[in-house]
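Under the UniProt record's numbering, the final residue of the sequence shown carries the number 286; numbering is consecutive throughout. For every residue, glycine included, the Cβ atom is placed at its ideal position computed from N, Cα and C. For clarity, every value in this text was computed on a predicted model and none was experimentally measured.
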Amino acid sequence: MPEAATAPAARATIGDSEFDRDTALTRRAPGVYDIDLSAGWTIISAVNGGYLLAVLGRALADTLPHADPFTISAHYLTASQPGPAVVRTDVVRTGRTLSTGQASLFQRDDEGREVERIRVLASYGDLDALPDDVRTTARPPAIPPLEHCFGPEDGPAPVDGSSAIADRLMLKLDPSTLGWALGQPSGKGEMRAWFGLKDGRDPDPLSLLLAVDALPPTAFEIGLKGWVPTVELTVHVRCRPAPGPLRVSITTRNLAGGFLEEDAEVWDSTDRLVAQSRQLARARLG
1 MPEAATAPAA RATIGDSEFD RDTALTRRAP GVYDIDLSAG WTIISAVNGG
51 YLLAVLGRAL ADTLPHADPF TISAHYLTAS QPGPAVVRTD VVRTGRTLST
101 GQASLFQRDD EGREVERIRV LASYGDLDAL PDDVRTTARP PAIPPLEHCF
151 GPEDGPAPVD GSSAIADRLM LKLDPSTLGW ALGQPSGKGE MRAWFGLKDG
201 RDPDPLSLLL AVDALPPTAF EIGLKGWVPT VELTVHVRCR PAPGPLRVSI
251 TTRNLAGGFL EEDAEVWDST DRLVAQSRQL ARARLG
């Protein structure tokens, strides 16, 4: 008998995906949450900054009377590791259309002392209540069709510095920003890609916090190698993304004193600019 056809894998849904499970927190007390940071979202051995931002973003959504992040600024104080962590939140102010809160994530060091890893200040609102009035000069990035772009699985071997997070993403890079992978960086400080979650989950405001920090560093196309740790990251969520893959464009214009900025734009499947971010990162020179 011929083998039965294999049924296509079901797409994960918002609220029931690996991303949702790995950012879920347990409320211990008002404003106090426990979580086990997953090793599945690491870059080498450190937990990805966008994943961490989504974890704190979810805690604030539970704490504040509004559910959607409008602007969220994070300072990364020490590198987070997979394993137990505690998130503490505080309500700063609540209003009719916006509420503001702060949150910090803590872990224990080898001596058992509590260490603050990341501190966030954010304002939340209701994205669905925003007026649909867009006046912009911004344009979606020119990225080749998804089938003409390349991901980690398309290479002959894992890319140097690749990590567990790559297995959880649908990431297809614009070939014109892949010179670094061939030993020929362009020097332009640009990175563009199609982005999604590997299990097919559609984007939402929390996953946008991951998207802005999930591409390879623009430092690679400048000609640098190695880890580029984030010092500060601010994300503006502009509207709720439509279903389908996102397009992410990141640029760096200035590397000075061992630090560089990364400006990101995230566009959804309807050509709507759904998120913007800027981060300051430390570059390893030499």
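Listed as beta-bridge partners of Phe-70 by DSSP are no residues whatsoever. Glu-18 sits close to Asp-199, with the two beta carbons spaced by under 7 Å. The C-alpha of Asp-213 is placed about 22 Å away from the C-alpha of Ala-12. For Gly-101, the secondary structure class from DSSP, reduced to helix, strand or coil, is strand.
Selection Arg-284, Gly-244 and Asn-254 evaluated against Val-228 yields Arg-284 as nearest (Cα-Cα).
Secondary structure at Ser-269: coil, using DSSP grouped into helix, strand and coil. Assignment of Glu-116 by DSSP, reduced to helix, strand and coil, places it in the strand class. Membership of Val-235 in the beta strand (DSSP E) is indicated by the continuous run 230-237. In the three-state DSSP reduction, Thr-23 falls in the helix class (H, G or I).
Residue nearest to Leu-233 within the set Asp-202, Arg-282 and Pro-243 is Arg-282 (criterion: CA-CA distance). In terms of Cα proximity to Asp-202, the closest of Leu-146, Ile-165 and Asp-268 is Asp-268. Ranking Leu-210, Thr-137 and Ala-54 by CA distance to the CA of Leu-246 puts Leu-210 first.
For the pair Ser-277 and Arg-192, the CB atoms are not nearer than the 7 Å cut-off.
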